[in-house]
Amino acid sequence: MNGLIKLIRNLHDGVFNFITRITEGWFLGLFARFTFVAVLYGYYFNSALTKVKIDELGILGFFQISDGAYFQIAMPAVEAAGFDPSAVAFFPHGLIVFLGTYAEFILPAMIVIGLFSRVAAAGMIGFIIVQSLTDVFVHNIGAESTGALFDRFPDSLIMDQRLLWIFVLAVIVLKGAGKVSVDHLLSKRAST
């Protein structure tokens with residue numbers, strides 16, 4: 000019996016040590032970034048497009064924040080200004096809207112190409128936390144959408160889905176973007 004257990008353990012160790020060796024340094028970061036692109040990039044890109052005036056002004060509209068951005072990001076400030084986004088003070092609410100809008104474009108793009116990916120992924124984790132708190136406390140989404148951890152329902156919008164989003168980003172924060180990234184090219188160039 001001990002021989003069989005030793006054989007199984009050796010087989011296990013051999014297979015998984017081999018997998019670890021051939022994927023070390025490139026696979027985990029690349030796969031986390033691939034998962035981000037496949038699952039979240041389109042979501043954030045389309046969300047960011049709703050915050051600028053590209054539909055109205057073409058490419059120049061990218062540089063103008065839409066009224067919708069204020070309603071999505073700083074609803075209490077818009078309400079206090081009589082529902083007139085142009086009456087919202089730049090500091091702090093206008094600045095928050097500006098930074099939130101362009102972070103939604105820039106941080107995902109940095110993750111995709113692997114440029115300063117650890118910082119970008121950490122920024123996206125913060126973004127998701129703020130987004131979730133805004134959804135719960137400003138937009139007042141219900142308990143059925145908020146969900147709860149450790150319940151038997153794995154499909155709530157906030158607690159379940161966004162925790163998985165954060166996990167993918169945490170892999171990038173902890174492991175980096177991997178060898179197939181701009182970060183790796185820059186580190187190689189800096190070391191020569």
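Each residue of the sequence shown is one higher than the last, beginning at 0 in numbering that gives the first Met the number 0.
From the three backbone atoms N, C-alpha and C, an ideal C-beta is built for every residue, glycine too.
Proximity of residue i and residue j at Cβ, strictly below 8 Å
i    : j    : result
Q63  : K50  : no
M74  : V135 : no
S155 : G141 : no
K120 : L168 : One point to set straight first is that residue 120 is Ala, not Lys, in the sequence displayed. Against a cut-off of 8 Å, the Cβ pair of L168 and A120 comes out as a contact.
Y126 : A108 : Here residue 126 is Phe; the residue named in the question, Tyr, does not match the sequence. No; because the gap between Cβ atoms is not below 8 Å, this pair is not in contact.
S116 : G175 : yes
Y69  : V36  : no
Beta-bridge partners of residue i, as assigned by DSSP
i   : result
I64 : V51
Distance between beta carbons of residue j and residue i, contact taken as under 8 Å
i    : j    : result
V170 : L27  : 6 Å
R32  : V118 : Rounded, the Cβ-Cβ distance is 14 Å, inconsistent with contact.
D113 : S180 : Note that residue 113 is Gly in the sequence shown here, rather than Asp. At roughly 2 Å, the Cβ-Cβ gap stays under 8 Å, so G113 and S180 are in contact.
Nearest-angstrom Cα separation, counted from residue j out to residue i
i    : j    : result
L106 : N16  : 34 Å
A76  : Q130 : 16 Å
G2   : T19  : 25 Å
K178 : S190 : 14 Å
L59  : R151 : 48 Å
D12  : I4   : 12 Å
S144 : I72  : 19 Å
H92  : A47  : 17 Å
G81  : V87  : 9 Å
W164 : L39  : 8 Å
P153 : Q160 : 8 Å
P84  : G67  : 9 Å
D182 : D54  : 34 Å
T34  : G99  : 23 Å
I21  : L29  : 14 Å
E78  : N45  : 25 Å
L148 : N139 : 19 Å
L94  : T133 : 16 Å
F89  : V14  : 58 Å
Cut-off 8 Å between Cβ atoms - residues of its own chain near residue i, not counting five sequence neighbours on either side
i    : result
G24  : G177 and K178
G122 : A102 and L106
Other residues of its chain near residue i: CB distance less than 7 Å, five sequence neighbours each side excluded
i    : result
L10  : none
F104 : A47
L56  : Q63
Close beta carbons around residue i, own chain, < 6 Å, minus the five adjacent residues each side
i   : result
I7  : none
F61 : V51 and I53
Y43 : E103 and P107
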